[in-house]
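Here's the structure, in structure tokens; my notes come after.
Number of protein chains: 2
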Amino acid sequence: MVKMEKDGTQEKILIAASKVFQSKGMAGARMQDIADKAGINKALLHYYFSSKEKLFNVIFKEAFSTFFPKINALIDADNSLDEKIQGFCREYIDMLLKNPYLPLFVLNEINSHPDRLAKKMWKNQPTPFQRFATHVKEEIKKKKIRAVTPAEIFINMLSMCIFPFIAKPLWMAASGMNEMAFRNFMEERKLEIPKIIIESIKK
Amino acid sequence: MVKMEKDGTQEKILIAASKVFQSKGMAGARMQDIADKAGINKALLHYYFSSKEKLFNVIFKEAFSTFFPKINALIDADNSLDEKIQGFCREYIDMLLKNPYLPLFVLNEINSHPDRLAKKMWKNQPTPFQRFATHVKEEIKKKKIRAVTPAEIFINMLSMCIFPFIAKPLWMAASGMNEMAFRNFMEERKLEIPKIIIESIKK
DNA sequence: GTCTATAACTCGATAGAC
DNA sequence: GTCTATCGAGTTATAGAC
Numbered sequence: 002m003v004k005m006e007k008d009g010t011q012e013k014i015l016i017a018a019s020k021v022f023q024s025k026g027m028a029g030a031r032m033q034d035i036a037d038k039a040g041i042n043k044a045l046l047h048y049y050f051s052s053k054e055k056l057f058n059v060i061f062k063e064a065f066s067t068f069f070p071k072i073n074a075l076i077d078a079d080n081s082l083d084e085k086i087q088g089f090c091r092e093y094i095d096m097l098l099k100n101p102y103l104p105l106f107v108l109n110e111i112n113s114h115p116d117r118l119a120k121k122m123w124k125n126q127p128t129p130f131q132r133f134a135t136h137v138k139e140e141i142k143k144k145k146i147r148a149v150t151p152a153e154i155f156i157n158m159l160s161m162c163i164f165p166f167i168a169k170p171l172w173m174a175a176s177g178m179n180e181m182a183f184r185n186f187m188e189e190r191k192l193e194i195p196k197i198i199i200e201s202i203k204k
Numbered sequence: 002m003v004k005m006e007k008d009g010t011q012e013k014i015l016i017a018a019s020k021v022f023q024s025k026g027m028a029g030a031r032m033q034d035i036a037d038k039a040g041i042n043k044a045l046l047h048y049y050f051s052s053k054e055k056l057f058n059v060i061f062k063e064a065f066s067t068f069f070p071k072i073n074a075l076i077d078a079d080n081s082l083d084e085k086i087q088g089f090c091r092e093y094i095d096m097l098l099k100n101p102y103l104p105l106f107v108l109n110e111i112n113s114h115p116d117r118l119a120k121k122m123w124k125n126q127p128t129p130f131q132r133f134a135t136h137v138k139e140e141i142k143k144k145k146i147r148a149v150t151p152a153e154i155f156i157n158m159l160s161m162c163i164f165p166f167i168a169k170p171l172w173m174a175a176s177g178m179n180e181m182a183f184r185n186f187m188e189e190r191k192l193e194i195p196k197i198i199i200e201s202i203k204k
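Residue numbers (our numbering), protein chains in the order written: chain L, 2 to 204; chain E, 2 to 204.
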């Protein structure tokens, strides 16, 4: 039987690694830096996670699945299209307020390795977007909304929720907002974004 | 007098460096990789640009000024607010179609060095956003549009134009679009985005 | 499980011939 | 201007004591 770790060492490593990888990326992160932040040394890091790449993969998978399954739940909920849109913006912005570095981290990694995405992620199931599109098409058929491209609504919603977090430092410099003002700004957007989206698909 | 370079070596280096830095970032880029892409060796690279950091700065400055001055010109043009919005989306998406990696590259760098931005960039002049805001406020005073927050319109416009490029590989995987379909999608958005923005500020 | 010490390696940078 | 060869700093990863 393996000896129990004294303290929550593994946990401390994961927390430290998450911070370092999210702010520096895979290439810029240093094992020494992670060890320091976790209050241990490099050797112990390798004892728990045999290589930098293995450690990174653990962190990335967790980040990716924070970035997504919420989407799934929100999109599959058995409610009206308006409620889906409202629920999505509210929940998603809330999650991003708690994890502001997530989008840039995840999208970066996907951009540098576009190959190992796609087929792996949603295997042969319909993607969240495709299931959203199905709902939109039904509404069009029922003449509840105008004949829009589902892709357009979906990407507009994602864009307006996520982009401000990606451009946050630039935006704060350009607009003069501080942390608090940015937070309030995004709180308001939880209601403003759905209004715009819903307005844009009305008959 | 310095001997003339045989071929456009410096030019070849800049092109290669731009590609490598934009796809890998500062930390992930390799001088060897840049040299290979430029068809030369590392030593010659250092002969032209004495260090990796110097080379990076040249590339970044160019990227940053491609990302911005267009905004200035479009926002300062002496035309109506509607025309400004339409012109911005058309010109900006056109630029991004030619430089699809630009946003992620620039925003990444800004995120990893938020300090050395801001005061440097617009010194004591009003930022593009602030000048846009002035125009919006005038329109509100004239009762031409409803009383919106200028920040909201501006960030929505930027979000919908830029985000699809940042999320491109993910979006292509999720939606099933290929390169051609993505291009067409963005072409349509040059008209669709202004419609949504203008609709959202109408009285 | 945790540490110190060090091996093995990657990569930016330089020396020096042509 | 351009090349080959190599150095040396910085990093990941391992050996081995406790």
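Don't be surprised by glycine CBs; every beta carbon is placed ideally from N, CA and C.
What you are looking at is a predicted structure, and each value in this text was computed from that prediction instead of being measured.
Coarse secondary structure for L:N42, derived from DSSP in three states: Correct three-state label for L:N42: coil.
Beta carbon proximity, E:S24 to chain L, threshold 8 Å: Answer yes: the Cβ-Cβ gap between E:S24 and chain L drops below 8 Å somewhere.
Buried or exposed by the 16-neighbour rule on C-beta atoms within 10 Å, applied to E:K138: Exposed.
Near-chain L residues of the segment 130-153 of chain E - C-beta to any C-beta below 7 Å: Those would be F130, A152, E153, in chain order.
Minimum length 4: unbroken alpha helix (DSSP H) runs contained in the segment 144-183 of chain L: Runs of the alpha helix (DSSP H) lying entirely within the segment 144-183 of chain L and spanning at least 4 residues, in chain order: 151-167, 169-176.
Straight-line gap, L:G40 to L:S24 (C-alpha atoms, nearest Å): For L:G40 and L:S24, the distance between alpha carbons rounds to 19 Å.
Distance between E:L15 and L:L192 (C-alpha atoms, nearest Å): Separation of L:L192 and E:L15 (C-alpha to C-alpha, rounded to the nearest whole angstrom) is 45 Å.
Whole-angstrom distance between E:E92 and E:K203, CA atom to CA atom: Computed Cα separation, rounded: 23 Å.
Rounded C-alpha distance that separates E:E110 from L:I60: One C-alpha to the other measures close to 22 Å.
Chain-ordered neighbours of L:G29 on chain E, where CB pairs are closer than 7 Å: In chain order: A28.
Environment of E:G9 [buried if 16+ CB atoms lie within 10 Å]: By the 10 Å Cβ count, E:G9 comes out exposed.
Proximity test, Cβ basis, 8 Å: E:I41 and chain L: So no, E:I41 is outside the interface.
8 Å Cβ cut-off: residues of chain L touching E:M32: Simply none; closest approach about 14 Å.
Backbone secondary structure at E:H136 - three-state DSSP: It is helical.
For L:P104, the first and last residue of its enclosing alpha helix (DSSP H): Unbroken alpha helix (DSSP H) run through L:P104: 103-113.
Contact under 8 Å by Cβ, L:T103 with L:T67: Looking at the sequence itself, residue 103 of chain L is Leu, so the reference to Thr does not match. Contact flag set, yes.
Environment of E:S81 [buried if 16+ CB atoms lie within 10 Å]: Answer is exposed; the Cβ neighbour count stays below 16.
Touching by the beta-carbon criterion (3+ pairs, under 8 Å), the segment 160-174 of chain E and the segment 157-164 of chain L: Touching, yes, given that three or more Cβ pairs across the two stretches are closer than 8 Å.
Backbone CA spacing between E:F69 and E:M122 [nearest angstrom]: Between E:F69 and E:M122, the alpha-carbon positions lie close to 10 Å from each other.
Test: E:L56 CB closer than 8 Å to a CB of chain L: No, because no Cβ of chain L sits closer than 8 Å to the Cβ of E:L56.
Within 9 Å of chain L by C-beta, residues of the segment 159-189 of chain E in sequence order: Here the close residues are L159, S160, M161, C162, I163, F164, P165, I167, A168, K169, P170, L171, W172, M173, A174, A175, S176, G177, M178, F186, E189.
Members of the segment 102-121 of chain L near chain E, C-beta cut-off 7 Å: Here the close residues are L105, L108, N109, I111, N112, S113, P115, L118, A119.
Secondary structure of L:G88, DSSP reduced to three states: For L:G88, the three-state secondary structure derived from DSSP is helix.
Helix, strand or coil at E:D79 [DSSP, three-state]: Coil.
Partner residues on chain L for E:E200, Cβ-Cβ distance less than 7 Å: Neighbours of E:E200 across chain L, judged by C-beta separation under 7 Å: E200, S201.
Min CB distance L:T10 to chain E below 8 Å: Using a CB distance cut-off of 8 Å, L:T10 does not count as an interface residue toward chain E.
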